[in-house]
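*Asks:* This is the structure I want to talk about, given as structure tokens.
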Amino acid sequence: MPHSSRTSELQFNLEIEKIAHRLRKETKQKRIRAALDVNLTVGGESIFEETETEMATNNRRSIKELNAPNSDQQPLCSTFTDTEDNFELKSGLIHLLPSFHGLAGEDPHKHLKEFHVVCAGMKPHGIIDEHLYLRAFSFSLKDKAKDWLYYLPSGSIETWVDMKQQYLQRFFPASRVAYLRKEIYGIRQSNGESLYEYWERFKVLVASYPHHQFTESLLIQYFHEGFSRMDRCSRRRIFD
Numbered sequence: 001m002p003h004s005s006r007t008s009e010l011q012f013n014l015e016i017e018k019i020a021h022r023l024r025k026e027t028k029q030k031r032i033r034a035a036l037d038v039n040l041t042v043g044g045e046s047i048f049e050e051t052e053t054e055m056a057t058n059n060r061r062s063i064k065e066l067n068a069p070n071s072d073q074q075p076l077c078s079t080f081t082d083t084e085d086n087f088e089l090k091s092g093l094i095h096l097l098p099s100f101h102g103l104a105g106e107d108p109h110k111h112l113k114e115f116h117v118v119c120a121g122m123k124p125h126g127i128i129d130e131h132l133y134l135r136a137f138s139f140s141l142k143d144k145a146k147d148w149l150y151y152l153p154s155g156s157i158e159t160w161v162d163m164k165q166q167y168l169q170r171f172f173p174a175s176r177v178a179y180l181r182k183e184i185y186g187i188r189q190s191n192g193e194s195l196y197e198y199w200e201r202f203k204v205l206v207a208s209y210p211h212h213q214f215t216e217s218l219l220i221q222y223f224h225e226g227f228s229r230m231d232r233c234s235r236r237r238i239f240d
């Protein structure tokens, strides 16, 4: 066989081999894709499409769960360990709790007194007072007062004493302390105010600041000095 014929035949065989190799490769790729299509499709729907749908549903559910109020949610400022009393607040107790909104005219000390009275009357058997107070106090706060509590740093409240201190620092600041002290030692009987009304107003004023640090004799003196001229004779009959 001439040399030129052998060369042409060799080139022809190489070309056939290349074509055959490409066809085998394409066939293999088609088989792989077909297998993937079978494995990734369930009930005629793509798993990827189903996953995307599930993710969208979960995202929507998460947003709804975040926005939905949780009646059992406790503020993060106070945490409870497993060793503490494990109990559930009854709806009857929650409904009887006094409400404090954090308004300027509200008395934070009076709210604490009313809160203690309700908790004492509705206390579950065997529950420590401090644990009951810490769990129930958030339910007595409303509006601005509740917002304040939930914005306290996480873990900043460990005891009921901590809670009361934080609460009074926020809603009974030093400026209000100075104002009430001035009101107590500068009290005056109003025109047309009876002696009884004046006395009741003075008692409420003193009770609004339990830690006024005035002695009893000073309080009586301030009350005397506030009498109107019309009642100066009456006061002698009361305190003689």
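Numbering (full-length UniProt numbering), first residue to last: 1 to 240. Backbone N, C-alpha and C define an ideal beta-carbon position, used for all residues, glycine too.
Classify Leu141 as helix, strand or coil using the three-state DSSP reduction.
*Replies:* Residue state, collapsed to three classes: strand.
*Asks:* Which stretch, first to last residue, makes up the alpha helix (DSSP H) that contains Gly92?
*Replies:* Taken as a continuous stretch (DSSP letters only), the alpha helix (DSSP H) holding Gly92 covers Ser91 to Leu96.
*Asks:* Hey, is the region 92–100 in contact with the region 111–122, meaning 3+ C-beta pairs nearer than 8 Å?
*Replies:* With the cut-off at 8 Å, the region 92–100 and the region 111–122 touch.
*Asks:* Taking the C-alpha atoms as reference points, what is the distance between Glu130 and Phe87?
*Replies:* Distance between the alpha carbons of Glu130 and Phe87 is about 13 Å.
*Asks:* Using CA coordinates, which residue listed in Leu141, Thr159, Arg188 and Ser190 is at the minimum distance from Phe171?
*Replies:* Ranking Leu141, Thr159, Arg188 and Ser190 by Cα distance to Phe171 puts Leu141 first.
*Asks:* Please determine, among Arg181, Glu225, Ala136 and Lys146, the residue with the shortest C-alpha to C-alpha distance to Leu103.
*Replies:* Among Arg181, Glu225, Ala136 and Lys146, the Cα nearest to that of Leu103 belongs to Lys146.
*Asks:* Please classify Ile19 as buried or exposed, where buried requires at least 16 other C-beta atoms within 10 Å of its C-beta.
*Replies:* Under this definition Ile19 is an exposed residue.
*Asks:* Taking DSSP as the reference, what is the three-state secondary structure of Phe87?
*Replies:* Coil.
*Asks:* So, with DSSP's three-state summary, where would you put Phe227?
*Replies:* Three-state result, Phe227: coil.
*Asks:* DSSP state of Ile19, grouped into three classes?
*Replies:* Looking at Ile19 - three-state DSSP - the assignment turns out to be helix.
*Asks:* So, using beta-carbon positions, are Gly226 and Arg181 closer together than 7 Å?
*Replies:* No, Cβ-Cβ distance for Gly226 and Arg181 is not below 7 Å.
*Asks:* Could you have a look at Phe100 and say whether DSSP puts it in helix, strand or coil?
*Replies:* Phe100: strand per DSSP, three-state reduction.
*Asks:* Is Phe227 near the ligand NAD, judged by its Cβ being under 6 Å from some heavy atom?
*Replies:* Within the structure as shown, the ligand NAD is missing, as the structure has no ligands at all.
*Asks:* If we ignore side chains and look at the alpha-carbon of each, how far apart do Val118 and Tyr179 end up?
*Replies:* Whole-angstrom Cα-Cα distance: 30 Å.
*Asks:* Using a threshold of 7 Å, state whether the C-beta atoms of Tyr222 and Tyr185 are closer than that.
*Replies:* Yes, these two residues count as a Cβ contact at 7 Å.
*Asks:* Distance check for Ile128 and Val177, CA to CA, integer angstroms please.
*Replies:* Using only the alpha carbons, I get a separation of about 32 Å.
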